[in-house]
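In our numbering, the protein residues as written are 1 to 200.
Below, the structure written as structure tokens:
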């Protein structure tokens, strides 16, 4: 089925008629190359508009800092929002930034899988102007429920960072100057001045 979607309607939720294979999901995404597409564990397809200029600037900074740290450590790979993860519950998610240990990447996965079938060890979501907070919080909890060890929700609108860990309530930092990670990315510290004020 082909959907014609007006940009002004985004974000929008559609329901897949049946569980999608990696190939079917990729074919669907190729119809909307300018949009960000995810799928929930229940089969709802989420089509979101591209990130705005401010969010793109903020996220490129976050990715750069994580990549610099990861390159020094040389124990895992960094992914941007173009990398899609198929979580154990079947959800297809693209965190704004993620890190996965090389030991897990090299582990056997589904034969001929187009996407990475695991939850990232570390995930970051950056709230954009169009993002609603409640769905983002559900997504963060989903990451840790599905195996992510540490997840950060960075919210420039509130100048807050929400830290998610398995089995614990989220920790909320209000207007921090920086945020320091723990395992699995212990040693990574993100200064937030450029996130709170991209033109600063």
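Even for Gly, the Cβ is constructed at its ideal location relative to N, Cα and C.
Requested in this report: Starting from the C-beta of residue 191, find all residues in its chain whose C-beta is less than 6 angstroms away, skip the five residues before and the five after it, and write them out in chain order.
Outcome: 178
Query raised in the report: Just to confirm, are residue 128 and residue 27 a CB contact at a threshold of 9 angstroms?
Result: no
Query raised in the report: How many angstroms separate the CA atom of residue 83 from the CA atom of residue 99?
Result: 11 angstroms
Query raised in the report: Using the rule of at least 16 other Cβ atoms within 10 Å of the residue's Cβ for burial, across every protein chain shown, is residue 33 buried or exposed?
Result: exposed
Query raised in the report: Quick one: what does DSSP say residue 164 is sitting in, helix, strand or coil?
Result: strand
Report task. From the DSSP output, read off the bridge partner residues of residue 185. Result -> DSSP lists no partner for residue 185.
Query - Every unbroken beta strand (DSSP E) within the stretch 19 to 82, with a cutoff of 3 residues, ordered by chain - result: 36 to 39, 44 to 48 and 76 to 80
Query raised in the report: With respect to the alpha helix (DSSP H) encompassing residue 142, which residues constitute its N-terminal and C-terminal limits?
Result: 133 to 145
Report task. Starting from the C-beta of residue 86, find all residues in its chain whose C-beta is less than 6 angstroms away, skip the five residues before and the five after it, and write them out in chain order. Result -> 92, 115 and 117
Report task. Compare the beta carbon distance of residue 57 and residue 97 with 9 angstroms and say whether it is the shorter of the two. Result -> no
Query raised in the report: Exposed or buried, which one is residue 168 when buried takes at least 16 other CB atoms within 10 Å?
Result: exposed
Query - Cα-Cα separation between residue 121 and residue 13, rounded to whole angstroms - result: 27 angstroms
Requested in this report: Specify the secondary structure class of residue 199 as computed by DSSP and reduced to three states.
Outcome: Residue state, collapsed to three classes: coil.
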